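Asks: Following our numbering, the numbering of the sequence shown begins with 901 at its first residue and continues without gaps.
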Amino acid sequence: MLVSDLINLLDRLAPLSLAQPGDNCGLLVGSSSAPVEYILVALELTQAVLAEAEERGCDTILTHHPLLYAPLRSLTESDPREQLVRRLIRGDKNLLAWHTNLDAAPKGLAALCAEALGLRNLVPLERAAAGWYKLVVFIPPDAVPGVSAAVFAAGAGRIGDYRECAYALQGTGWFTPEPQAHPTVGSASVPERTPEVRWETVVPRARVGTVITALVEAHPYEEPAFDIYPVEDVIPRAGLGRIGELPEPQEVTALVHTVVERFGLTECRWVAGAKTRVQRVAVLPGSGRSLLAAAAGLADVLITGDLGYHDGEAAAASGLALITVPHGEVEWWALRQWAVDQLRPLVAEQGSTLVLSASYRPLWQGSSLPSPDRAKAGKGAPARVRLRVDGGSRGNPGPSAIGVVLEDAEGKVLDTLSQAIGVATNNVAEYRALLAGLRMAQAAGVQEVDVMADSELLVKQMRGEYQVKNAGLRPLYEEAAALARGFRRFCIEHVSREKNAAADELVNAALDSISNPGSDRPAITGLEKTFGSDGDTFAT
Ligand SMILES: [Zn+2]
901 MLVSDLINLL
911 DRLAPLSLAQ
921 PGDNCGLLVG
931 SSSAPVEYIL
941 VALELTQAVL
951 AEAEERGCDT
961 ILTHHPLLYA
971 PLRSLTESDP
981 REQLVRRLIR
991 GDKNLLAWHT
1001 NLDAAPKGLA
1011 ALCAEALGLR
1021 NLVPLERAAA
1031 GWYKLVVFIP
1041 PDAVPGVSAA
1051 VFAAGAGRIG
1061 DYRECAYALQ
1071 GTGWFTPEPQ
1081 AHPTVGSASV
1091 PERTPEVRWE
1101 TVVPRARVGT
1111 VITALVEAHP
1121 YEEPAFDIYP
1131 VEDVIPRAGL
1141 GRIGELPEPQ
1151 EVTALVHTVV
1161 ERFGLTECRW
1171 VAGAKTRVQR
1181 VAVLPGSGRS
1191 LLAAAAGLAD
1201 VLITGDLGYH
1211 DGEAAAASGL
1221 ALITVPHGEV
1231 EWWALRQWAV
1241 DQLRPLVAEQ
1251 GSTLVLSASY
1261 RPLWQGSSLP
1271 SPDRAKAGKG
1281 APARVRLRVD
1291 GGSRGNPGPS
1301 AIGVVLEDAE
1311 GKVLDTLSQA
1321 IGVATNNVAE
1331 YRALLAGLRM
1341 AQAAGVQEVD
1351 VMADSELLVK
1361 QMRGEYQVKN
1371 AGLRPLYEEA
1381 AALARGFRRF
1391 CIEHVSREKN
1401 AAADELVNAA
1411 LDSISNPGSD
1421 RPAITGLEKT
1431 FGSDGDTFAT
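#1: Please list the terminal residues of the continuous beta strand (DSSP E) segment that includes alanine 997.
#2: State buried or exposed for proline 1045, treating a residue as buried only when at least 16 other CB atoms are found within 10 Å of its CB.
#3: Determine the burial state of arginine 1093: buried for a count of at least 16 other Cβ atoms within 10 Å of its Cβ, exposed for fewer.
#4: According to DSSP, what are the bridge partners of alanine 1301?
#5: Looking at C-beta atoms only, is the number of pairs between the segment 1028-1047 and the segment 1094-1103 that lie closer than 8 Å three or more?
#6: When you get a sec, list the residues whose CB is within less than 6 Å of any heavy atom of ligand 1, chain order please.
#7: Starting from the Cα of glycine 1295, find the closest Cα among Leu1012, Leu1411, Phe1126 and give me that residue.
#8: Where does the unbroken beta strand (DSSP E) through serine 1187 begin, and where does it stop?
#9: Please name the residue, chosen from Pro1136, Arg1180, Ser1259, Ala1320, that lies closest to leucine 945 on a Cα-to-Cα basis.
#10: May I ask you to verify whether the segment 1111-1126 touches the segment 978-997, counting CB pairs closer than 8 Å and requiring at least 3?
#11: For a test of the three-state rule: what should DSSP assign to proline 1270, helix, strand or coil?
#12: Can you check the segment 969-1037 for any beta strand (DSSP E) of at least 3 residues that lies completely inside it and give the ranges in chain order?
#13: Going straight from the alpha carbon of histidine 1210 to that of arginine 1244, what length do you get?
#14: Name, in chain order, the residues that DSSP records as bridge partners for proline 935.
#15: For alanine 1106, name the three-state secondary structure that DSSP assigns.
#16: Going by CA-CA distance only, name the one from Ile907, Tyr938, Ser933, Ala1011 that's closest to cysteine 925.
#17: I need the boundaries of the alpha helix (DSSP H) containing leucine 1376, first residue and last residue.
#18: To the nearest angstrom, how far is it from the Cα of lysine 1399 to the Cα of valine 1023?
#19: Kindly list the residues whose CB is nearer than 6 Å to the CB of threonine 1076, restricted to its own chain and excluding five residues on each side of it in sequence; keep chain order.
#20: Helix, strand or coil for valine 1286, going by three-state DSSP, please let me know.
#21: Out of Thr1325, Asp1003, Gln1250, which one is the CA nearest neighbour of leucine 909?
#22: Touch check for the segment 1061-1079 and the segment 1012-1028: three-plus C-beta pairs under 8 Å?
#23: Compute every distance between the C-beta of glutamine 1080 and the non-hydrogen atoms of ligand 3, then say whether any falls below 8 Å.
#24: Per DSSP, what kind of secondary structure is alanine 848 in: helix, strand or coil?
#25: At 4 residues or longer, and completely inside the segment 1196-1275: list those alpha helix (DSSP H) runs for me, N to C.
#26: Quick check: the segment 1125-1133 against the segment 1160-1180, are at least 3 beta-carbon pairs closer than 8 Å?
#27: Is the segment 1216-1236 close to the segment 1191-1207, with three or more CB pairs under 8 Å?
#28: For proline 1262, which residues from the same chain have a beta carbon less than 8 Å from its beta carbon, with the 5 sequence-adjacent residues on both sides left out?
#29: For aspartate 1448, which three-state DSSP category applies?
#30: Starting from the Cα of glutamine 947, find the closest Cα among Ala1118, Asp979, Asn1327, Lys1312 and give me that residue.
#31: CB-CB under 7 Å to glycine 930, same chain, minus the five flanking residues each way: which ones, in chain order?
#32: So, at 8 Å on beta carbons, what are the nonlocal neighbours of serine 933 in its own chain, with the 5 sequence-adjacent residues on each side left out?
#33: Within a Cβ cutoff of 6 Å, which residues of the same chain sit near serine 1355, ignoring the five residues on either side of it in sequence?
#34: Within 10 Å of its beta-carbon, does serine 1089 have 16 or more other beta-carbons around it, so buried, or fewer, so exposed?
#35: Taking contact to mean 3 or more Cβ pairs, one atom from each stretch, closer than 8 Å, check whether the segment 948-965 and the segment 912-927 are in contact.
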């Protein structure tokens, strides 16, 4: 894959035309014809991220925040940004930024945050301007197929999920060639009336130049007549922020709790609004000050970053509740989901690898110091892990096994377990997997756990949404709940089986080894330590 191919993939997910005016997205350093094998995704480029890219042999770095925003006036070693550019060039690395266009994309960062909070009926808080131009060109009827094909190939005519969109209308073209002209139709100095088609289509802002070049080349006339003008239009599914509804109205404090838990935040503050219970929620990762007034008319509460005292004052006066979250933490959370779920599969199809940076550190530190307990337990262990758990039985009840993958916050695999557990039901196996995973996290001295499981029953029972009526599951549930209370944070999420493939494979490996005793694979293959290896190769 070349950098230009990566740009095309990225543009499909989050078109550059969605970027805010003045933003600087796209390829910032490097060459569009350079090969891409190994991509590092980070929130922004720092010396630590660049050192990581060098160490891991990444040729390309994709960040959310653009390194080059304000213009550079020199390329010396005296300025940190200039140093980074020099180091990128010395290492022949490509740097791309996908920023406000990624926030705004239909499945971009704002949408991911809103979905994670369980909001329904999502619409953008501020709809994106289409960034389109309308092209109108007058073509002799027999040349329409050739001209339209050239214009489409140059990037015109795409609206949402439709391509080659245009409109044609028959009419009559009027012109009189000057004596020195070389007309395709008509003769010098004779007024001409000839059938022409008024053919119109849309062109993204970035493609206007390419499209006009293609048009002029393909058009049979010496002087093709065409107009190009900006269109005041919006894209309904894209834009800044998202607004949606919670299934039920809830206290702001309950929502604060969910926000902290879902995004794994180190801090979160709020201002109460006019309503004690909120249902219409606006969320905007990054800095949302500019949309405070817009949110006040539409939502009960706005969740965003970088808010100050006077923002709280203004919101309180308008009745809008505010939840202010750390800018970088929420963005990094959303960027990771997007990169792993949406970009990584497309990159992999083209034979390249995408990894998440391990260099992210919250910029702002909280005021609370770690407890002595935590400091003791946390030696060498990550504060937070993700547990992927799965249990299954062949027969229900039948021979059963469990699979657990313990990952750090960046998705690096720290530990795995693949173990046969005798005869059990599917649900018992699911609980046994959760218990084993929680014990692994506890033994590692971890404080915060995010569990992912594909059993809806397990997830809903652990969340208290379903009762545990089955007598066989009750003690397992009690034990898991007690273990869960021992963590400073315990969060459990339902994921599809495909997204839990890593744990599912471990279950099947253990089941295969018992049903095939001649195999040399032991029934218990767990606890393979993979610390320090490249854990990003896990299936998600
Ligand atoms: Zn940001």
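Yeah, the Cβ is synthetic: ideal placement off N, Cα and C, and Gly gets one too.
Computed from a predicted model, the values in this text were never measured in an experiment.
Replies: Per the coordinate set shown:
#1: 994-997
#2: exposed
#3: exposed
#4: Gly1292, Ala1320
#5: yes
#6: His965, Gly1186, His1227, Glu1231
#7: Leu1411
#8: 1177-1187
#9: Ser1259
#10: Flag = no, the segment 1111-1126 and the segment 978-997 do not touch.
#11: Low confidence applies to proline 1270: its pLDDT is 40, below 50, so where it sits in the model is not reliable, and the reading given next is rough at best. If DSSP states are grouped into helix, strand and coil, proline 1270 belongs with coil.
#12: 994-997, 1020-1029
#13: 41 Å
#14: Leu902
#15: helix
#16: Ile907
#17: 1374-1385
#18: 26 Å
#19: Pro1091
#20: Note that residue 1286 corresponds to arginine in the displayed sequence, not to valine. Strand at arginine 1286.
#21: Gln1250
#22: no
#23: Judged by which ligands are present, ligand 3 is missing from the structure shown, whose ligands are ligand 1.
#24: This structure gives no information on residue 848, because the portion of the chain shown stretches from 901 to 1440.
#25: Every unbroken stretch of the alpha helix (DSSP H) spanning 4 or more residues and falling wholly within the segment 1196-1275 is given here in chain order: 1209-1218, 1227-1238, 1244-1249.
#26: no
#27: These segments touch.
#28: Excluding positions up to five away in sequence, the list reads Thr1166, Pro1226, Gly1228, Glu1229.
#29: There is simply no residue 1448 to check, as the chain begins at 901 and stops at 1440 in what is shown.
#30: Comparing Cα-Cα distances from glutamine 947 to each of Ala1118, Asp979, Asn1327, Lys1312, the minimum goes to Asp979.
#31: Val903, Lys993, Asn994, Leu995
#32: Leu902, Val903, Ser904
#33: Taking C-beta separations shorter than 6 Å and ignoring five residues to either side along the sequence, the partners of serine 1355 in its chain run Glu1330, following chain order.
#34: By the neighbour-count criterion, in which 16 or more other beta carbons inside 10 Å mark a residue as buried, serine 1089 falls on the exposed side.
#35: no
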